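Here is the structure we will look at, set down as structure tokens.
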Amino acid sequence: MIFVTLGTQDKEFTRLLDAIEKEIKKGNIKQKVIVQAGYTKYTSDNMEILKLIPMEEFDKYIKECDLLITHSGVGSIMTGLKNNKKIIAAARLKKYNEHTNDHQIQIGKEFEKQGYIMYLDDFDDLGKVLKDIKNFKPKKFKSNNDNFIKLIEDYIDNN
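Residues in the sequence shown are numbered consecutively from 56, following my numbering.
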């Protein structure tokens, strides 16, 4: 099962769901897809769409999934890493009114650079990333809070 998390941001993120829907229709995704959509309004005959769900249900889906596809939020990424999941992260972008700024790009790229996840930069490349993640061996999670806090503080200071 693939679990897709869009977080609790009060802006829509249909762009990621459109990309996943396209890959399902192409046959590149054959597994069941469950989506925690938050405030994103989306209908699909191919995905099970849930709004905001209780934390224990969220944790259940994390534990059961083979792949986590998520907005590039630190909380969702960390939860996946702590549960030893393969993760594809995609940033919500300001230019599409998906977030107030583009900090999720830096978060996703940094986690990818460290070897923990695969970052989806171009949504048209989702099919390729889905193929590549099959052989991807994520780095085992080891807490590195001090470095990540510094990374986030530096980003805030510079923006």
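Every residue, glycine too, gets a C-beta built ideally from N, C-alpha and C. These figures come from a predicted structure and were not determined experimentally.
One or two residues paired with residue i in a DSSP bridge
i: Thr125; result: Thr60 and Ala144
i: Gln91; result: Thr60 and Leu105
i: Tyr97; result: Beta-bridge pairing links Tyr97 to no other residue.
Where residue i sits in the DSSP three-state scheme
i: Glu67; result: coil
i: Tyr174; result: strand
i: Ile84; result: coil
i: Lys137; result: helix
i: Lys194; result: coil
Residue i classed as buried or exposed, judged by whether at least 16 other C-beta atoms fall within 10 angstroms
i: Ile84; result: buried
i: Phe191; result: exposed
i: Gly170; result: exposed
i: Gln159; result: buried
i: Leu181; result: buried
i: Gln86; result: exposed
i: Gly135; result: buried
i: Ile124; result: buried
i: Met173; result: buried
Residue span of the beta strand (DSSP E) that contains residue i, given as start and end
i: Ile104; result: Glu103 to Leu105
Member of the options whose CA lies at the smallest distance from the CA of residue i
i: Thr95; options: Thr69, Ile89, Asp179 and Lys115; result: Thr69
i: Ala144; options: Asn138, Ser127, Thr155 and Ser131; result: Ser127
i: Pro109; options: Lys80, Asp65, Asn101 and Gly93; result: Gly93
i: Phe196; options: Leu206, Ile162 and Ile132; result: Ile132
Run of the alpha helix (DSSP H) containing residue i, from where it starts to where it stops
i: Tyr151; result: Per DSSP, Tyr151 belongs to no alpha helix (DSSP H) and is neither H nor E.
i: Phe113; result: Met110 to Glu119
i: Lys164; result: His158 to Lys168
i: Phe203; result: Asn200 to Asn213
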